[in-house]
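Take any residue in the sequence shown, count from 1 to its spot, add 40: that is its number in our numbering.
Positions of the beta carbon are idealized from the N, C-alpha and C atoms, including for glycine.
Structure record follows, encoded as structure tokens.
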Amino acid sequence: MDKITEEIAHFVGSWHLATEEARARHDYYKFYAATHQTADRPLHAETQVTIRAPFDLDDFAPSLSYAAPGPAQYWAFSERVPEPALFHEFTPWPSFFQLRTSELQLHTSGMMWRQTGTLPEPHVTPPGSVAVVVAQAAILSDDDRLDLGGHGLVFRPTEQAGESLAQLIGKTLALSPLAHVAPPGSDAAIKSFIDDTAATLRAYEAPTPPTNGDELTVFVAKAAVLDGDFVNGTADAAVPDYAAYRPAVAAPAADDPFAGFTPSFRNGGNAGGTPGPDTPAVVKGTTTAGEGLVAPHSSIDIQAGGNTLVNAVALTNDWLAAKVTAVIGNHVELNAIVQINAYADDDTLTATLGHAGDDAATAAFNIASFRRIDPAADHAASAGSSGGTHDFPNYWAVTKVTGDLMILNWIEQINFMSDRDTAIMSASGNKVQVVAGDNHATNYTSLAELGHYYDLIIVGGSVYDANVITQTNILLDNDTVGAVSGFAAGSGSVSSHGNLLWNEARITNVGAADRFDALPAAYREAADHLAKGSTGAPADVLKDEAFAGSGVVRALYITGDVIDLQFVKQTNVLGDADKVALAMDKVKGDASADWTVSTGHNTLVNSASILDVDGFGPTHVGGQAYSDEILIQANLISHTPQLAPLGGDALVNEAVAFLGDDMLKPDMGSHGGTDLAHHGALPLGTVQADPMHVLAA
Numbered sequence: 041m042d043k044i045t046e047e048i049a050h051f052v053g054s055w056h057l058a059t060e061e062a063r064a065r066h067d068y069y070k071f072y073a074a075t076h077q078t079a080d081r082p083l084h085a086e087t088q089v090t091i092r093a094p095f096d097l098d099d100f101a102p103s104l105s106y107a108a109p110g111p112a113q114y115w116a117f118s119e120r121v122p123e124p125a126l127f128h129e130f131t132p133w134p135s136f137f138q139l140r141t142s143e144l145q146l147h148t149s150g151m152m153w154r155q156t157g158t159l160p161e162p163h164v165t166p167p168g169s170v171a172v173v174v175a176q177a178a179i180l181s182d183d184d185r186l187d188l189g190g191h192g193l194v195f196r197p198t199e200q201a202g203e204s205l206a207q208l209i210g211k212t213l214a215l216s217p218l219a220h221v222a223p224p225g226s227d228a229a230i231k232s233f234i235d236d237t238a239a240t241l242r243a244y245e246a247p248t249p250p251t252n253g254d255e256l257t258v259f260v261a262k263a264a265v266l267d268g269d270f271v272n273g274t275a276d277a278a279v280p281d282y283a284a285y286r287p288a289v290a291a292p293a294a295d296d297p298f299a300g301f302t303p304s305f306r307n308g309g310n311a312g313g314t315p316g317p318d319t320p321a322v323v324k325g326t327t328t329a330g331e332g333l334v335a336p337h338s339s340i341d342i343q344a345g346g347n348t349l350v351n352a353v354a355l356t357n358d359w360l361a362a363k364v365t366a367v368i369g370n371h372v373e374l375n376a377i378v379q380i381n382a383y384a385d386d387d388t389l390t391a392t393l394g395h396a397g398d399d400a401a402t403a404a405f406n407i408a409s410f411r412r413i414d415p416a417a418d419h420a421a422s423a424g425s426s427g428g429t430h431d432f433p434n435y436w437a438v439t440k441v442t443g444d445l446m447i448l449n450w451i452e453q454i455n456f457m458s459d460r461d462t463a464i465m466s467a468s469g470n471k472v473q474v475v476a477g478d479n480h481a482t483n484y485t486s487l488a489e490l491g492h493y494y495d496l497i498i499v500g501g502s503v504y505d506a507n508v509i510t511q512t513n514i515l516l517d518n519d520t521v522g523a524v525s526g527f528a529a530g531s532g533s534v535s536s537h538g539n540l541l542w543n544e545a546r547i548t549n550v551g552a553a554d555r556f557d558a559l560p561a562a563y564r565e566a567a568d569h570l571a572k573g574s575t576g577a578p579a580d581v582l583k584d585e586a587f588a589g590s591g592v593v594r595a596l597y598i599t600g601d602v603i604d605l606q607f608v609k610q611t612n613v614l615g616d617a618d619k620v621a622l623a624m625d626k627v628k629g630d631a632s633a634d635w636t637v638s639t640g641h642n643t644l645v646n647s648a649s650i651l652d653v654d655g656f657g658p659t660h661v662g663g664q665a666y667s668d669e670i671l672i673q674a675n676l677i678s679h680t681p682q683l684a685p686l687g688g689d690a691l692v693n694e695a696v697a698f699l700g701d702d703m704l705k706p707d708m709g710s711h712g713g714t715d716l717a718h719h720g721a722l723p724l725g726t727v728q729a730d731p732m733h734v735l736a737a
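Listed below in structure tokens is the structure:
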């Protein structure tokens, strides 16, 4: 391409680009937007809103009585039905003259008027049986062995804490009449269990006082009705406040450099738990380059207790209830609470360290409550205040359960914890905190069974109703804290008690205790008709005052028995027999170190609540009505008098041995050589390991 042609091509290309740019109208859009600029408008229009609330809400009134109206009725015109030609008193009436529940025919002036219900006969859903078996177990072994510092000693206590705990468990189980019960496997077994348990508890008597030095207090209360609170065998006593014995611990500040440490450790090793001679800083000391704030002397904090075991159950049985209950057979009712606290807290302590001033004695509480709620009384008061009259229903709707109806809730909870710590320590470093306890075990169950409500329940058999709570706390806290000969300390304290054993149980029945009376003839007649397959409603039953104002009676017929068992078993077992030896460092013994030792302050809690809805009105019984309410509360304090004359220092020095060079070598044979067979160097099948060829043969 020559020069002229190239210039022409460039011109044509530039003209083409200018044309495309003009076609895009970029400049026009910029000009148009600039000439049509508008101010930003507010997002929301400024309007005045007027709010009026002329109506006041009433307070909640739970005792209001409301009855749903019956089926609506109307008059319908119908043509005359011709009468039979030959009328006779034995002549059967035609089907359109037969009276039925939902249709009534009348003759008036040659015309027939018919009153007919516009709603079909209501359908009533029958209940089903329910069975819940819950087993919760928490098992923990935290048997620590601690060896801290250059003391050059070996600590080997000879006392067997496991055997002592087994003996305490045996003593405790011997006090409980329900220690070895197991869940029944059938409806017949449940009925037998309720009868046998009631008989066993009725026959229970307080055991004779022990003669081996143990302390035992047993309280037994038996009556047809128990009401109120019982605390350690005292009726109508003030229930203690749990927070007074275990106050809530406030969370440390976010900027606290010692968050999570014990009070004595936070306060510079001051055993009393109060701040030492501090400046506004947390710990008084000197500042060393590269090390920060350094305390003036050593402090050692040992926590070998502080364990927490909790069992909690909240059970609501609202599966079956009615305004009126008619029982053809017997009615058996059992409400029982068995509570046992057993502990051993005999400590042998050194005299070198003082006893902590805030170390309270071990506390044990058995708290039981029996309550009754009578909805019929509240309903009667509400009906009396209204002053109105109600019509009685004209018919009922019946549903049927063939056989027995079972309601079973069996809950077992157990916490088993072993925290037997063995420690030998000497002052080492600047600040030392050892936490060998502070374990937590919790079992929790919350169960609410919300079922069916009826106006009338007719039971062709008997009713077995039982609520049983058994609670047991077992604690072994026989601690030993001693000092090896030559031990010295600046200040310190030992806290070995402060345990809390807490059993709290509550049984609340919805239904008055005096609601039982003899079975009226009308209800027995109704039960007989239902047993034969008839669903007709006797007029005397429908005229019961309990059904006044009901549009239709919703009835349940059970051909067999009603079996209602609520059983809660809670057990806490803690072995916290700690052994602590205090020694001096062989290289650099610190006689000014502050020591804080805590081996107690354990918490064992059982809490159970049963809310059992029995009925909202009277219960008519054709047979016998049996009612038993039984309370057993026991506190056992086990003692070991053989250890009382000995002090902690004497026991520790008996169990301490110096660590010699020969203790670091492997075991030698009887001839002074190494027993290679026992050390794994020779297989057991060789001649050297088995010279008699017993294993090889």
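Local conformation of residue i per DSSP, three classes
{"i": "Phe270", "result": "strand"}
{"i": "His569", "result": "helix"}
{"i": "Leu559", "result": "coil"}
{"i": "Glu452", "result": "strand"}
{"i": "Ser54", "result": "helix"}
{"i": "Val581", "result": "helix"}
{"i": "Asp634", "result": "strand"}
{"i": "Asp601", "result": "coil"}
{"i": "Val692", "result": "helix"}
{"i": "Leu241", "result": "helix"}
{"i": "Arg120", "result": "Annotation note: pLDDT 49 at Arg120 (below 50); position unreliable, coordinate value reported separately. Coil, per DSSP."}
{"i": "Leu596", "result": "strand"}
{"i": "Leu186", "result": "strand"}
{"i": "Gln88", "result": "coil"}
{"i": "Gly202", "result": "helix"}
{"i": "Tyr494", "result": "strand"}
Residue i versus residue j - alpha carbon distance
{"i": "Gln610", "j": "Ala408", "result": "14 Å"}
{"i": "Leu758", "j": "Trp359", "result": "Lying before the first or after the last residue shown, residue 758 is absent from the chain, which here runs from 41 to 737."}
{"i": "Glu739", "j": "Asn272", "result": "What the structure shows of the chain is the stretch from 41 to 737, and residue 739 is not part of that stretch, so it cannot be assessed."}
{"i": "Ser667", "j": "Val364", "result": "19 Å"}
{"i": "Met624", "j": "Asn612", "result": "38 Å"}
{"i": "Ala177", "j": "Gln453", "result": "6 Å"}
{"i": "Leu9", "j": "Ala238", "result": "As shown, the chain starts at 41 and ends at 737. That puts residue 9 outside it, with no answer to give."}
{"i": "Ile209", "j": "His191", "result": "37 Å"}
{"i": "Thr45", "j": "Glu60", "result": "23 Å"}
{"i": "Phe456", "j": "Leu180", "result": "6 Å"}
{"i": "Gly600", "j": "Ala243", "result": "29 Å"}
{"i": "Gly253", "j": "Asp517", "result": "17 Å"}
{"i": "Gly501", "j": "Val661", "result": "10 Å"}
Proximal residues to residue i (C-beta, below 6 Å), its chain only, five neighbours per side dropped
{"i": "Trp450", "result": "Val173, Pro223 and Phe607"}
{"i": "Ser649", "result": "Ala354 and Arg546"}
{"i": "Ala396", "result": "Ser533 and Ser535"}
{"i": "Val52", "result": "none"}
{"i": "Ala552", "result": "Asp414"}
{"i": "Val627", "result": "Gly190"}
{"i": "Asp235", "result": "none"}
Bridge partners - residue i, DSSP secondary structure assignment
{"i": "Phe233", "result": "None, per the DSSP bridge assignment."}
{"i": "Glu373", "result": "Asp505 and Ser667"}
{"i": "Ser678", "result": "Ala384"}
{"i": "Glu255", "result": "Ile677"}
{"i": "Gln379", "result": "Gln511 and Gln673"}
{"i": "Gln649", "result": "Here residue 649 turns out to be Ser, not Gln, going by the sequence shown. Paired residue(s): Ala354 and Arg546."}
{"i": "Tyr484", "result": "Ala352"}
{"i": "Glu489", "result": "Asn357"}
{"i": "Thr402", "result": "Beta-bridge pairing links Thr402 to no other residue."}
Residues near residue i by beta carbon distance below 7 Å, same chain, minus five either side
{"i": "Asp276", "result": "Gly268 and Asp269"}
{"i": "Phe410", "result": "Leu266, Asp267, Gly268, Asn375, Ile547 and Glu669"}
{"i": "Asp187", "result": "Ile464"}
{"i": "Thr510", "result": "Ser216, Leu218, Val378 and Lys609"}
Same chain, Cβ closer than 8 Å to residue i, neighbours up to 5 away in sequence not counted
{"i": "Pro167", "result": "Trp359, Leu360, Val441, Leu445, Gly491, His492 and Leu596"}
Nearest candidate by alpha-carbon position, reference residue i, set the options
{"i": "Gly640", "options": "Leu540, His679, Val627 and Thr599", "result": "Leu540"}
{"i": "Thr794", "options": "Ala404, Ala566, Thr390 and Val194", "result": "Residue 794 lies beyond the range of the chain shown here (41 to 737); nothing can be said about it."}
{"i": "Glu694", "options": "Ser525, Val645, Asn483 and His679", "result": "Ser525"}
{"i": "Ile342", "options": "Pro250, Trp635, His679 and Arg92", "result": "Trp635"}
{"i": "Leu671", "options": "Gly202, Ala261, Ala93 and Phe195", "result": "Ala261"}
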